[in-house]
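Working notes for the structure below.
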Ligand code: HEC
């Protein structure tokens with residue numbers, strides 16, 4: 003193998019590592035800053051609007067499930083299907099449908115909000 007080939011191989015391998023970041027591994031998650039607490043309006047709703055409400059919003063939401071307001075989302079928090087679906091838990095339809103699982107960091111934002119009592123905050 004020539005020196006040139008080795009150098010090219012090295013560059014290729016290094017750039018391979020460089021792309022092992024969250025945004026590449028979880029397309030659509032964007033950049034997620036891990037939080038220790040979260041609120042519905044600042045953290046949860048923007049996430050739902052970004053990853054879910056192209057289907058679960060509008061005049062004809064998928065499966066009749068509308069995730070665009072606090073009152074509507076609360077129903078799926080209380081029956082366990084929101085966390086079940088985003089965690090890809092058995093017995094639930096994995097969400098977002100036909101898309102990558104949300105990053106652990108994004109799921110954590112929803113979990114923190116629910117654990118704090120799923121308040122209208
Ligand atoms: C591409 C469209 C689409 C996207 C995006 C999507 N959903 Fe769904 N969702 C559906 C459909 C269709 C169903 C009905 C069940 C099925 O077909 O899997 C459903 C069902 C559900 C259910 C009921 C699941 C169950 O097992 O009872 C929940 C809760 C849900 N979605 C939440 C979400 C959340 C939260 C997101 C975003 C993280 C999301 N969905 C993203 C289309 C979508």
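Residue numbers (the working numbering): 3 to 123. C-beta: ideal position from N, C-alpha, C; glycine also.
- Straight across, the Cα-Cα distance linking residue 79 with residue 60 is about 20 Å.
- Inter-residue distance for residue 71 and residue 84 is about 14 Å (C-alpha atoms, whole angstroms).
- Here residue 108 carries a helix assignment [DSSP, helix/strand/coil].
- When the five nearest sequence neighbours on each side are left out, the beta carbons in the same chain lying within less than 7 Å of the beta carbon of residue 109 are those of 88, 89, in order along the chain.
- A Cβ-Cβ distance of about 4 Å is found for the pair residue 40 and residue 111, placing them in contact under the 8 Å criterion.
- Buried is the label assigned to residue 68, since at least 16 other Cβ atoms lie within 10 Å of its Cβ.
- In the three-state DSSP reduction, residue 87 falls in the helix class (H, G or I).
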